[in-house]
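Peer 1: Sharing a structure below in structure tokens format, with a few things to ask.
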Amino acid sequence: MARGGGELHRGGDQRGRGAGRAPHPPLFGRLERSSSRGDGAMSFAAPLALVVAGIVAATVVALHFLARDRPRPQPFPTARFIPDRPPARLPTRSRRPRDVMLLLLRAATIMLAGLAVARPREHAARSAAPRVVVLDRSRAVGDPIAAAASARAELRAGDVLVSFDSTVTVHEKWTTAQLSDSATTIARPRGSLSVALVGAIRAGARLRRTSDSVELVLISPIAAEEWDAAAARIAREWPRPIRVIRTAASKPSDARTPPRAIRGSTDDPLRATLALDGGNTHVVADSGAPRGARVVRDGLTAQDSVWARRGGVLVWWPAHLENTHWPSGNDTASAVVAGSATVVADFPMWRAPEGATVARWASGAPAAAERVLGAGCERDVAITVPSVGDLALRPSMRALLSALTEPCGGAPRLAPLADSAVRALGEARPRGAAPVFAPDQPSALTRWLLAATLALLVAEPFLRKRETAA
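Count along the sequence shown from 1, add 7, and you get the number used in the working numbering.
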């Protein structure tokens, strides 16, 4: 493996780019596309069906020529009066083919049925297999413009671009403008390789309808936070080798706790929690780009939303949940969990609105949810903090507050994943494992073959009756 434009190969395309960092082509310049297509070619999904149909058709023809002539039955009027007719003959071997039209119809029916079962597919020949290029646009990418330039170098006409962070976007007809948006976007949530690979497999299934093979190229730093247990298993479902181009990863901007502030009443118990944890107990006027988290205990304002959209973490933690429209129940929760923080106490169990769950009650119901807001995010917390007692002063409550004021998407883990784990993306698919590509859809030719087979089957009894009468 080589960093900075190097590749990890599982086989397949072995076009190395060298261990050094190659200069990237201009990102927004003119892109020359070329596609060399040859004459149409025919392939079959189940060619063995043609062999079976041929054997069956040959057997029918052989049995037809082995048939014997049977004399036509001659009914006698009575036992006493026998008509003056030539004597009845025993069955004899046929000296010349009979019922040729019936034979041809039966053979054609068998061969058409075999062709339909073989599922013919006509496609244009390509100079190379189409590609699915997966581009990382998450916060883990250190140089988005360089990553987009690498994607541009890999893309050709007819390829598919898949860009991802916490969600995935598939561009079946990609443009340089889409690469530009990926490189200059402000909002960069946490990335998920599992989400990216699922989107790539779906895009590859669509390409496979017109091509026998599809190549997958992954352009990402593959940071630790992007990897989960499902990523390696999903990668093994891809039936061909995956080519990985690792880009530079982002560097943590500050290892210290980000600044935090709170706005609410002077006797709010969360003020004491935040003060013990080293945070500001009031909101300071904004200067420059937003940093850290803002906990709002009273009503949200338009300035709060603007602040979050510029990159801040807005935590709406209403002091009086009964004044919100959030659903509540009569149940009581015995604990609330957010990341590694757990607070054990009796809480009235309110449910947070829709979003990515960042805290749960002991029953598993969401207690806090996060949703993207511009370049930042908003967290809605449905946890009641009693003003009586020492719950707000407990270390577990301080840990809960720290977990709920982390950067959007959780605390970043931007260190590159170990090479041994990345090799899991390059391992061959286990023998006998079925790829998750969607099965080929029946083509129009297959439907016409089935219709012709059915028509011949309907015509066969009428032709047989006609040949027998003759």
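Glycine included, every Cβ here is placed at the ideal spot set by N, Cα and C. None of the values given here were measured: they were computed from a predicted structure.
#1: Alpha carbon to alpha carbon, how far is residue 117 from residue 465? Give it in angstroms, no decimals.
#2: Out of 423, 69 and 410, point me to the one whose CA is closest to residue 300's CA.
#3: Buried or exposed for residue 402, please, with buried defined as at least 16 other CB atoms from any protein chain shown within 10 angstroms of its CB.
#4: So, with DSSP's three-state summary, where would you put residue 245?
#5: Give me the Cα-Cα distance between residue 308 and residue 231, rounded to the nearest whole angstrom.
#6: Apart from the five residues just before and just after residue 387, which ones in its own chain have a Cβ nearer than 6 Å to its Cβ?
#7: Helix, strand or coil: which one does DSSP assign to residue 196?
#8: Under 8 Å Cβ to Cβ from residue 169, same chain only, skipping five residues before and after it: list those, please.
#9: Three-state secondary structure (DSSP) at residue 181?
#10: Residue 155 and residue 120: beta carbons closer than 8 Å?
#11: Who are the Cβ neighbours of residue 196 in its own chain at under 7 Å, not counting the five residues just before and after it?
#12: What does DSSP give as the partner residues of residue 384 in its beta bridges?
#13: In whole angstroms, what is the alpha-carbon distance linking residue 347 and residue 243?
#14: If you follow the alpha helix (DSSP H) that residue 138 is part of, which residue opens it and which one closes it?
#15: Whole angstroms is fine: what's the gap from residue 70's alpha carbon to residue 125's?
#16: Can you tell me whether DSSP reads residue 176 as helix, strand or coil?
#17: Please return the same chain residues whose Cβ sits closer than 7 Å to the Cβ of residue 256, not counting the five positions on each side in sequence.
#18: Under 6 Å Cβ to Cβ from residue 482, same chain only, skipping five residues before and after it: list those, please.
#19: Looking at the strands, I want to know which residues DSSP matches up with residue 191.
#20: Is residue 160 helix, strand or coil when you go by DSSP?
#21: Which of helix, strand or coil does DSSP assign to residue 453?
#22: Which value, in whole angstroms, describes the spacing of the CA atoms of residue 274 and residue 368?
#23: Considering only residues of the same chain and omitting the five flanking positions on each side of residue 428, which have a CB-CB separation below 7 Å?
#24: Residue 250 bridges to which residues according to DSSP?
#25: Using only CA atoms, which one of 50, 108 and 114 lies nearest to residue 64?
#26: What span of residues does the beta strand (DSSP E) with residue 395 cover, start to end?
#27: Closest by CA to residue 246, which one among 61, 59 and 432?
#28: Just to check my reading of the structure: residue 470 and residue 112 have Cβ atoms closer than 8 Å, yes? What is that Cβ distance to the nearest angstrom?
#29: Is there a Cβ from chain C that is less than 8 Å from the Cβ of residue 179?
#30: On the DSSP letters alone, give me the boundaries of the alpha helix (DSSP H) that residue 113 sits inside.
#31: Excluding sequence positions up to five away, which residues of its chain have a Cβ less than 7 Å from the Cβ of residue 279?
#32: Specify the secondary structure class of residue 353 as computed by DSSP and reduced to three states.
#33: Would you check if the distance between the CB atom of residue 187 and the CB atom of residue 237 is smaller than 8 Å?
#34: If you draw a straight line from the C-alpha of residue 389 to the C-alpha of residue 136, how long is it?
#35: Determine the extent of the alpha helix (DSSP H) in which residue 63 is found, giving its start and end residues.
#36: Do residue 215 and residue 224 have their CB atoms nearer than 8 Å?
Peer 2: Quick answer:
#1: 13 Å
#2: 410
#3: exposed
#4: coil
#5: 36 Å
#6: 323, 359, 360 and 376
#7: coil
#8: 139, 140, 141, 142, 175, 176, 177, 178, 203, 206, 207 and 210
#9: coil
#10: no
#11: 145, 146, 172, 173, 379, 415 and 416
#12: 320 and 379
#13: 31 Å
#14: Per DSSP, residue 138 belongs to no alpha helix (DSSP H); it is in the beta strand (DSSP E), 138 to 143.
#15: 25 Å
#16: strand
#17: 147, 149, 228, 230, 421 and 423
#18: This structure does not reach residue 482, given that the chain is present from 8 up to 477, and the question cannot be answered.
#19: DSSP lists no partner for residue 191.
#20: helix
#21: helix
#22: 26 Å
#23: 234
#24: 224
#25: 114
#26: No beta strand (DSSP E) contains residue 395, which DSSP labels as neither H nor E.
#27: 432
#28: 6 Å
#29: The structure shown contains no chain C; it is built from a single protein chain.
#30: 107 to 125
#31: 399 and 400
#32: strand
#33: no
#34: 51 Å
#35: 55 to 72
#36: no
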